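**Student:** In the working numbering, the protein residues as written are 39 to 565.
Let me give you the structure first, and then I'll get to my questions.
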Ligand SMILES: [Fe+2]
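Written out as structure tokens, the structure is:
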């Protein structure tokens, strides 16, 4: 028997970019010449074309048998490791980690030693009373205007904004500021941009002239139904007053804000877009993640990180659903929605029990598609309710250990990307930052994002979050914008037919883990 211990044996393979399964380790251990057998296996694997990532006991037995009877060429096994996803360069606060390989010693999970502190402070679940009538839509837009104009008026550059109805009282060409909802945006035949804006009592046309390049760029970012501040020279005398725009101001986030921090060393792992039930759901990759959470895999540092995880936040698309996109049935493994949720519950049940799982729906989940969406109901997803879970709606404002999360699946990115030049599907954080600047989760009305007219506009980003967590794009992204952690947690699903058509290149298996005490993010790649 060799003197190599299990850990160094595993490491030898890891160094060669291969992972030994437990069985494979046992197979090597059972031999008297463990060490030299391992060496010989490594040599023959290195020479193997299409070398696999996961080294099984079968493969080891095969290799060692072949060297004994000296048969033909070594078998070629197709690699099971998905190709490495393209990832944005990590920021300084973010430490990129490679996939944890498995560890021999199981650590004590320190997050089990303190209580969770979860508070849901805004969520539509159980509070939807809309009848979807016209008057409800009028009300929700009025509410949107009121909430957003309050935020805009708090800005130093807009606190002296005047009501649009008062523009008629201004003498020619005076510089004024107004806060208005954009009811229409059009381009004139001369190439100028006209924004029709209104507040609760007045309307005006705001003109951006073609020659003003910077302003034209800004106006390209304006979407209908959002609320903006306009600075401009007023031309009175007309029936409907005109403004010659000098500046367009979005509500945005305050520049300085203190970072909220947890008192306990609690971490949150952020995931989304599992799409369980789809053939493209990467169950093996997901189980690598779960095993890491259990403290069963990873190097000392990665195990230490896992042991601090107190929360698992799932930002929608837990299951793939039924009939969500054309030809979906060709890619479904489970054809029944409740069975999809059963499978999801079974997988999530393997997450250690001291981890609270926050589950919000996405557009693939079995709830009404119009936003705000209530939590996935118990009669369809009872298994998820049996976990140590908190079922919330979409969006949801949740405080975890004193750090405020805004969880939003991200359906409105489809509309935003189609509307605003420069946004695309390969980078997920720029679209998220646009929403933060607009202080609204679904500013474009009438696109793919259906909106339910509630008593109030739940989609206004009234309270500034500490963490803005989205999914939907299937592309991992992390950035800090004005002290808000902007995180898109990617996916656990491989490319579907639909995504290929959209040109989406997903980055599966990348999990950001946020330390709520230090506010540092780490990213682990499980694929
Ligand atoms: Fe998704």
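By construction, the Cβ of each residue, glycine as well, lies at the ideal position given by its N, Cα and C atoms.
Since this is a predicted model, take the numbers as computed values, not measurements.
Quick one: any contact between the segment 212 to 228 and the segment 256 to 272, if contact means 3 or more CB pairs under 8 angstroms?
**Tutor:** Cβ pair count under 8 angstroms is three or more, so yes.
**Student:** In this structure, what does DSSP give as the bridge partners for residue 225?
**Tutor:** Per DSSP, 231.
**Student:** Tell me residue 418's beta-bridge partners as DSSP assigns them.
**Tutor:** DSSP lists no partner for residue 418.
**Student:** Can the beta-carbon of residue 559 be found less than 8 angstroms from the beta-carbon of residue 551?
**Tutor:** The Cβ atoms of residue 559 and residue 551 sit closer than 8 angstroms to each other.
**Student:** Could you check whether the segment 184 to 204 touches the segment 516 to 525, counting it as contact only if at least three pairs of C-beta atoms, one from each stretch, sit closer than 8 angstroms?
**Tutor:** no
**Student:** Just how far apart, CA to CA, sit residue 426 and residue 251?
**Tutor:** 54 angstroms
**Student:** Which residue spans inside the segment 144 to 168 form an unbroken beta strand (DSSP E) run of at least 3?
**Tutor:** Counting whole runs of 3 or more residues, the segment 144 to 168 contains the beta strand (DSSP E) stretches 156 to 161.
**Student:** What would DSSP say about residue 423, mapped onto helix, strand or coil?
**Tutor:** helix
**Student:** Could you check whether the Cβ of residue 507 sits closer than 7 angstroms to any heavy atom belonging to ligand 1?
**Tutor:** no
**Student:** My output table needs one value for residue 256: the three-state DSSP class, helix, strand or coil.
**Tutor:** helix
**Student:** Can you tell me whether residue 563 is buried or exposed, with buried defined as 16 or more other CB within 10 angstroms of its CB?
**Tutor:** Buried is the call here.
**Student:** Could you have a look at residue 112 and say whether DSSP puts it in helix, strand or coil?
**Tutor:** Its pLDDT being 31, under 50, residue 112 is placed unreliably in this model, and the value from its coordinates should be taken loosely. Reduced to three states, the DSSP call for residue 112 is coil.
**Student:** Does ligand 1 have a heavy atom nearer than 7 angstroms to the CB of residue 400?
**Tutor:** yes
**Student:** Helix or strand or just coil, what does DSSP make of residue 516?
**Tutor:** strand
**Student:** Are at least three pairs of beta-carbons, each pair with one atom in the segment 148 to 165 and one in the segment 464 to 481, less than 8 angstroms apart?
**Tutor:** Taking 8 angstroms as the limit for Cβ pairs, the verdict is that the segment 464 to 481 does not touch the segment 148 to 165.
**Student:** In the DSSP assignment, find the beta strand (DSSP E) that holds residue 280 and state where it starts and stops.
**Tutor:** First-last of the beta strand (DSSP E) with residue 280: 280 to 287.
**Student:** Please confirm whether any heavy atom of ligand 1 lies closer than 7 angstroms to the CB of residue 439.
**Tutor:** no
**Student:** When DSSP builds the beta bridges, which residues end up paired with residue 215?
**Tutor:** 269
**Student:** Using the Cβ count rule (16 or more neighbours within 10 Å means buried), how would you classify residue 129?
**Tutor:** For residue 129, the pLDDT reaches just 45, beneath the cut-off of 50, and the residue's location in the model is therefore unreliable, although a value from the coordinates is still provided. Per the 10 Å Cβ criterion, exposed.
**Student:** Just the C-alpha distance for residue 506 and residue 308, rounded to the nearest angstrom, thanks.
**Tutor:** 11 angstroms
**Student:** So what does DSSP say about residue 432, is it helix, strand or coil?
**Tutor:** strand
**Student:** Kindly provide the chain-ordered list of residues whose Cβ lies closer than 5 angstroms to any non-hydrogen atom of ligand 1.
**Tutor:** The set of residues with any CB-heavy atom separation to ligand 1 below 5 angstroms comprises, in chain order, 311, 355.
**Student:** For residue 298 versus residue 400, is the C-beta spacing smaller than 8 angstroms?
**Tutor:** Result no, Cβ atoms of residue 298 and residue 400 do not sit closer than 8 angstroms.
**Student:** Helix or strand or just coil, what does DSSP make of residue 555?
**Tutor:** coil
**Student:** Would you call the CB atoms of residue 316 and residue 529 closer than 8 angstroms?
**Tutor:** no
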